[in-house]
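Right, one structure below, let's go through it.
Residue numbers (full-length UniProt numbering): 1 to 90.
Structure follows, in structure tokens:
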């Protein structure tokens, strides 16, 4: 994977600190292990229902310091089918 894992960790730590998301999901070429020097880090950031997606997105882009690689965020709330569910692990 071309993208530095430490950059992904730094980015996710910043998002957690600033927005307290329910989930952060890596997707795109980096998640598939197909990134190259021009690739960005694509993250889906799931925030609590009732939070303002556009304001959160703008806030995150403004507050997150440059980490040395480009990144793209998609900020969303959980879909209705997932709002009152529990994750079963085992």
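Glycine included, each C-beta is placed from N, C-alpha and C at the ideal position. Note that the coordinates shown come from a computational prediction; the quantities given were computed from them, not determined experimentally.
So, are the CB atoms of residue i and residue j less than 8 Å apart?
i	j	result
residue 11	residue 64	yes
residue 8	residue 15	no
Near residue i, what residues of its chain come up, given a Cβ to Cβ distance below 7 Å and the 5 sequence neighbours on each side ignored?
i	result
residue 5	none
residue 29	35, 39
residue 57	73, 75
For a test of the three-state rule: what should DSSP assign to residue i, helix, strand or coil?
i	result
residue 47	coil
Mind reading off the beta-carbon distance from residue i to residue j? Whole number of angstroms is fine, and I expect it under 8 Å.
i	j	result
residue 18	residue 59	7 Å
Between residue i and the rest of its own chain, which residues show a CB-CB distance below 6 Å, the 5 nearest in sequence each way excluded?
i	result
residue 31	none
At least 3 beta-carbon pairs within less than 8 Å: the stretch 40-59 vs the stretch 70-82 | yes
Between the stretch 33-40 and the stretch 64-73, do three or more beta carbon pairs fall short of 8 Å?
-> Yes, the stretch 33-40 is in contact with the stretch 64-73.
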